[in-house]
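Working notes for the structure below.
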Amino acid sequence: MNAFKRDKKEEEDGGGNPFQNLEKTTVLQEARTFNDTPVNPRKCAHILTKILYLLNQGEQLGTMEATEAFFAMTKLFQSRDVVLRRLVYLGIKELSSLAEDVIIVTSSLTKDMTGKEDLYRAAAIRALCTITDSGMIAAIERYMKQAIVDRSPAVSSAALVSSLHLTNVSGDVARRWANEAQEALNSNNVMVQYHALGVLYQARKADKHAVIKLVAKLMRTSPKSPYAACMLIRMACKLLDEVDKGEELLGFIESCLRHKSEMVVYEAAHALINLGRSCTKEIAPAISVLQLFCGSQKPALRFAAVRTLNKVAMSHPTAVTACNLDLENLITDSNRSIATLAITTLLKTGAESSVDRLMKQIATFVSEISDEFKVVVVQAIRALCQKFPRKHTVLMNFLSAMLRDEGGLEYKAAIADTIIAVMEVNAEAKEAGLAHLCEFIEDCEHNSLAVRILHLLGQEGPTSKQPSRYIRFIYNRVILESASVRAAAVTALARFAAACPPLLPNVLVLLSRCQLDSDDEVRDRAAYYCAILQEQNEPTILPLVQPPLLSVPSLERALRNYMQTSMDEPFDISQIPPAQTVEEPAQVELHTTVKQQSRLTREESFMEKLSQIPHLANIIRDSSLLKSSPVSELTESETEYNVKCIKHTFTEFLILQFDCVNTLSDQLLEDVRVAVEAPEGYTIVSEVPCPRLPYNELGTTYTVLKYPEDIYATVATIPTTLRFVARDCDPATGVPDADQGYNDEYMLEDLEVTLADQIRGIGNRGLDFGAAWEAAAAGGFTKLEETFALGSSVNSLEGAIQSLTGFLGLDAVERTNRVQSGAATHNLLLNGIFRGGKEVLARARLAISDSQVTMQLTVLCQDADVAELIISSVG
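Just so we're aligned, residue 0 is where the sequence shown starts under numbering that gives the first Met the number 0, counting upward by one.
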């Protein structure tokens, strides 16, 4: 042990990183010193430390280099120096995956792990298990079993942890050594008990009943180790989702709230809060515990408590209200992370009257916290704006002040997203929001954000009370900014001119100046918009200035297919789906919502996949995919076979994609297909079975149906059955026991073909709905109107909008899917395309009285049968 001692003076010598400028070649040449006799422990330890440093810094060693270094390092086993020996063990672990013939040190490591020096034994076990393959396990099994039950906690823990790592080499290691792990579970050492429980769970996790038995036994004896108790809580939580009667398990978790260890108490509270079926009553004890932790002297406990309460406040804000006083005390906490989480939790749970006070408190320290926690504050303010719309003035003023502070792109984008979101749900906030964004782009240093705001100004500015006030802000960008921002500003100016005729002469002067710009893109846009705007043809100006964004891959594919035809009929661009954006799920803790352009839409991805299947490629060659439905579950999640269906709608065909998973490890399925009973009018065109479906692997089978001529028969229910050839096999290897299998089938849920499967919403796409409605009515479209009283399950205008758009498959336009707070009536505008390129326009007038929603639905369609189908389906 004297080798570990260092003089104080030695620790103070030098500065910085002594290994900063190491070169791999030089270090490997120095490693030849390992071959010297006698061994110089101090020098060799220094060189070996350099090698380990390089490896941990990501330096790549070739196989030959690693092998030479490894064999030189084996010569160091003749030294008895403790520090050097422990470094050798680390070197073996690092080089074992790179060098060849590492098995040569097996005997030396086996000797050390069975020796009398405990300091060597644990490290030798860990090193030995890194070089052990499936063929060597039998040779070391006896030593490992002895080590698991060794009197030394360090040796026992090392053996148990190594056993878990060896399950990657041989899956049955934990099961074969379970008896020894059971004995180690009775150890008085907290880490040994924890690691032993991990091995026992690994050994039994495939057998649910064995896990239940293990958990039930430990619940009665209660492990002494707090780490083991935490693992037991997690095991109990997992079983709660898998067993029918979980009252005993739930009672055990609640009893852990009174454990003497704070670690276990927090784990139990965290588990209760994160249960999928949690209600306010179930989480009340956990909330009480977290409330106590908020007053702890330990910063880690305070942080854990307030972070968990912050998460709970999103789903159960009323349950957290009782902690508001404790959370207010944390606003002044010296740890700014705790203070930030406390204030954002209060923003989610506080009353409307406390908003002003909370905003003042945030302002005192918001400049001192990092950008990631500022994003958390912004997201809390966003939720508060939706909860208290009347407070939008105070909240947006605070956000505009944050915009003027220093910060990165993610932080500024989060603020801009929040202001835009508030404008979308609250019409009263539109003018103030646009004013704040205009001020921001005066000093915005992020081009992508400036372009996005200019695009928003072009959309919303023309419909504001004073459109002319925004022209100055936009034209300043043409003068001062980069090429991409100047191009966006030119487009925004053109939209003002198209939508506001009084501004047209002045904007034309500005656009004519832009034709002298140094950038090609800016000049081309300015020339294009000037040419269109000077025609003075008002009904057609706006769609040309603000054209719909089409999906480029779909357009390319459709044009290629069109060129392969006789081209007698004009190309129908209405069949092309719109370009879609993917909204990433909001990361509640630290990240903001970011919208980004997706490379391929969902339909395009499926179209590419379907085109690669020979049996389907010929059928869909001359057609484009209108829509792919959401996933339909045809089985329960815990059944022997899991089957999901996605419906792909083409003009004349419906392709049913069945994704199947075999959850039985002792069966291999072959010739798997889903048999469907075609409803009246439908015709089965083709089937593509899945030839082989091993355990826990995804297999796909397809069925192609032709739509009936009678359009009213297209909405139908299809019975389905999973049919296959089953072969019994070895669960461990997956190899079938017999040459031949037996035919079997499994009943599935019925599949519904709905109206929404045949209609694709097309959203705004540059559409002036009023002009399109008048043009359709004058152009001979069939018009049908009916009044409905919606069912008791729909008791709000928002619910009616969501239900109607989901049922019809149409998209809301002009943001009519947003309802004004407290409104009793609402006009919902919808549009879409029925398969075959038949355009559909609909207007729904909604009214609510005493939680009863009534709807007057008017449908315009160029096909009378489609209009009748929509009206009759709603009825």
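No residue lacks a Cβ here, since even glycine has one placed at the ideal position from N, Cα and C.
TODO: Would you check if the segment 222 to 233 and the segment 196 to 204 touch, i.e. whether three or more CB-CB distances between them fall below 8 Å?
DONE: yes
Task: Among Ile478, Ala205, Ala498 and Ile361, nearest to Gln877 - alpha-carbon criterion - done: Nothing about residue 877 can be read from this structure; the chain reaches only from 0 to 874.
Open item on the list: Contact defined as beta carbons within less than 8 Å: I believe Ser628 pairs with Lys643. What is the distance between those atoms, to the nearest angstrom?
Closed with: In the sequence shown, the residue the question calls residue 628 occupies position 629. In the sequence shown, the residue the question calls residue 643 occupies position 644. The Cβ separation is near 11 Å, so there is no contact.
TODO: Kindly identify the DSSP beta-bridge partner or partners of Met746.
DONE: Here residue 746 refers to the residue found at position 747 of the sequence shown. Paired residue(s): Thr720.
Open item on the list: Give the list of continuous alpha helix (DSSP H) stretches no shorter than 4 residues that lie fully inside the segment 498 to 540.
Closed with: 503 to 513 and 519 to 532
Task: Test item: CB-CB of Thr702 and Glu679 under 8 Å - done: Locating residue 702 in the sequence shown gives position 703, where the first residue counts as 1. Locating residue 679 in the sequence shown gives position 680, where the first residue counts as 1. Against a cut-off of 8 Å, the Cβ pair of Glu679 and Thr702 comes out as no contact.
- [ ] Could you pull out every residue in the same chain whose Cβ sits closer than 8 Å to the Cβ of Leu159, ignoring the five residues on either side in sequence?
- [x] Numbered from its first residue, the sequence shown carries residue 159 at position 160. Closer than 8 Å at the Cβ level, and outside the excluded window around Leu159, lie Ile147, Ala180, Ala183, Val191, His194, Ala195, Gly197 and Val198.
Open item on the list: For a test of the three-state rule: what should DSSP assign to Ile761, helix, strand or coil?
Closed with: As a position in the sequence shown, residue 761 is number 762, starting the count at 1. In the structure shown, Ile761 sits in coil (DSSP, three-state: anything other than H, G, I, E or B).
TODO: Report buried or exposed for Asn309, applying the criterion of at least 16 other Cβ atoms within 10 angstroms of its Cβ.
DONE: The residue labelled residue 309 in the question sits at position 310 within the sequence shown. Result: buried.
Task: Below-8 Å beta-carbon distance, Ala493 vs any chain B residue - done: Absent from the structure is chain B; it holds one protein chain and no more.
Task: Ala209 versus Ile282: straight-line alpha-carbon distance, rounded - done: Walking along the sequence shown from the start, residue 209 turns up at place 210. Walking along the sequence shown from the start, residue 282 turns up at place 283. Each residue's Cα considered, the two are about 29 Å apart.
- [ ] Could you pull out every unbroken beta strand (DSSP E) segment of at least 3 residues lying fully inside the segment 688 to 741, listed in chain order?
- [x] 689 to 692, 697 to 705, 715 to 717 and 719 to 727
TODO: Look at the Cβ atom of Ile435, then the Cβ atom of Lys411, and state whether they are nearer than 8 Å.
DONE: Counted from its first residue, the sequence shown places residue 435 at position 436. Counted from its first residue, the sequence shown places residue 411 at position 412. Just to set this straight, residue 435 is His in the shown sequence, not Ile. Not a contact, by the Cβ cut-off of 8 Å.
TODO: Confirm, please, whether the CB-CB distance from Leu326 to Cys293 is below 8 Å.
DONE: Residue 293 sits at position 294 when you count from the first residue of the sequence shown. Residue 326 sits at position 327 when you count from the first residue of the sequence shown. Taking 8 Å as the Cβ cut-off, Cys293 and Leu326 qualify as a contacting pair.
Open item on the list: Val82 and Ala122 - do their beta-carbons sit closer together than 8 Å?
Closed with: Reading the sequence shown from its first residue, position 123 is the one you call residue 122. Reading the sequence shown from its first residue, position 83 is the one you call residue 82. No. Outside cutoff.
Task: Pair within 8 Å by beta-carbon distance, Lys359 and Ala379 - done: Numbered from 1 along the sequence shown, position 360 holds the residue referred to as residue 359. Numbered from 1 along the sequence shown, position 380 holds the residue referred to as residue 379. Contact: no.
TODO: Determine the contact status of Leu127 and Leu89, defining contact as a CB-CB distance below 8 Å.
DONE: For the purposes of this step, residue 127 is identified with residue 128 of the sequence shown, where counting begins at 1. For the purposes of this step, residue 89 is identified with residue 90 of the sequence shown, where counting begins at 1. No, the Cβ-Cβ distance between Leu127 and Leu89 is not below 8 Å.
Open item on the list: Between the alpha carbons of Arg174 and Val818, how many angstroms are there, rounded?
Closed with: Locating residue 174 in the sequence shown gives position 175, counting from the first residue. Locating residue 818 in the sequence shown gives position 819, counting from the first residue. So the alpha carbons of these two residues sit roughly 60 Å apart.
Task: Simplified DSSP assignment, three categories, for Ser447 - done: For the purposes of this step, residue 447 is identified with residue 448 of the sequence shown, where counting begins at 1. Note: Ser447 maps to helix in three-state DSSP.
Task: Inter-residue spacing [alpha-carbon to alpha-carbon] between Val660 and Asp729 - done: Residue numbering aside, residue 660 sits at position 661 when the sequence shown is read from its first letter. Residue numbering aside, residue 729 sits at position 730 when the sequence shown is read from its first letter. Taking the straight line from one Cα to the other gives about 18 Å.
- [ ] Using 10 angstroms around the beta-carbon of His315, count the other beta-carbons present and answer buried if the total reaches 16, otherwise exposed.
- [x] If you number the sequence shown from 1, residue 315 lands on position 316. When all chains shown are included, His315 counts as buried.
Task: Buried versus exposed, by CB contacts within 10 Å (16 or more), Arg598 - done: Position 599 of the sequence shown, counted from the start, is the residue given in the question as residue 598. Unreliable positioning characterises Arg598 in this predicted model, as indicated by a pLDDT of 48, which lies under 50. The coordinate reading is nonetheless provided below. Label assigned to Arg598: exposed.
Open item on the list: Measuring CB atoms only, is the segment 641 to 658 touching the segment 824 to 838, in the sense that at least three cross pairs come out at less than 8 Å?
Closed with: yes
Task: Three or more C-beta pairs below 8 Å linking the segment 446 to 454 and the segment 838 to 853 - done: no
Task: Residue(s) in a DSSP beta bridge with Asn661 - done: Along the sequence shown, one-based indexing puts residue 661 at 662. Asn661 is bridged to Tyr640 and Tyr694.
Open item on the list: According to DSSP, simplified to helix, strand and coil, what is Ser685?
Closed with: Translated into the one-based positions of the sequence shown, residue 685 becomes position 686. If DSSP states are grouped into helix, strand and coil, Ser685 belongs with the strands.
TODO: Within 10 angstroms of the Cβ of Ala205, are there 16 or more other Cβ atoms? Answer buried if so, exposed if not.
DONE: Looking up residue 205 in the sequence shown gives position 206. Exposed, by the Cβ-count rule.
Open item on the list: Let me confirm a value: Met143 is counted as buried when at least 16 other C-beta atoms fall within 10 Å, else exposed. Which label applies?
Closed with: Here residue 143 corresponds to residue number 144 of the sequence shown, with the count starting at 1. Result: buried.
- [ ] Just the C-alpha distance for Ser467 and Leu503, rounded to the nearest angstrom, thanks.
- [x] As a first step, residue 467 is located in the sequence shown; it is residue number 468 there, counting from the start. As a first step, residue 503 is located in the sequence shown; it is residue number 504 there, counting from the start. When rounded, the distance between both Cα atoms is 11 Å.
Open item on the list: Taking the straight line between their C-alpha atoms, what separation do you get for Leu165 and Ser95?
Closed with: Sequence index remark: in the sequence shown, residue 165 carries index 166 (1-based). Sequence index remark: in the sequence shown, residue 95 carries index 96 (1-based). Cα to Cα, Leu165 sits roughly 15 Å from Ser95.
- [ ] Could you pull the start and end residues of the alpha helix (DSSP H) that Arg233 belongs to?
- [x] In the sequence shown, residue 233 corresponds to position 234, counting from 1. Taken as a continuous stretch (DSSP letters only), the alpha helix (DSSP H) holding Arg233 covers Pro225 to Leu239.
Task: Candidates Glu676, Glu405 and Ala71: closest to Glu751 by CA position - done: Looking up residue 751 in the sequence shown gives position 752. Glu751 has its Cα closest to that of Glu676, out of Glu676, Glu405 and Ala71.
Task: Nearest-angstrom beta carbon gap, Phe302 and Asn334 [assumed within contact, 8 Å] - done: Counted from its first residue, the sequence shown places residue 334 at position 335. Counted from its first residue, the sequence shown places residue 302 at position 303. Rounded, the Cβ-Cβ distance is 7 Å, consistent with contact.
TODO: Starting from Ser107, trace the alpha helix (DSSP H) both ways and give me its first and last residue.
DONE: As a position in the sequence shown, residue 107 is number 108, starting the count at 1. Ser107 -> alpha helix (DSSP H) spans Thr105 to Met112.
TODO: Could you tell me the boundaries of the beta strand (DSSP E) in which Asn826 lies?
DONE: Locating residue 826 in the sequence shown gives position 827, counting from the first residue. Taken as a continuous stretch (DSSP letters only), the beta strand (DSSP E) holding Asn826 covers Thr824 to Phe833.
Task: Exposed unless 16 or more other CB atoms sit within 10 angstroms - verdict on Leu856 - done: Counting from 1 along the sequence shown, the entry for residue 856 is found at position 857. Looking at its Cβ environment, which holds 16 or more other Cβ atoms inside 10 Å, Leu856 is buried.
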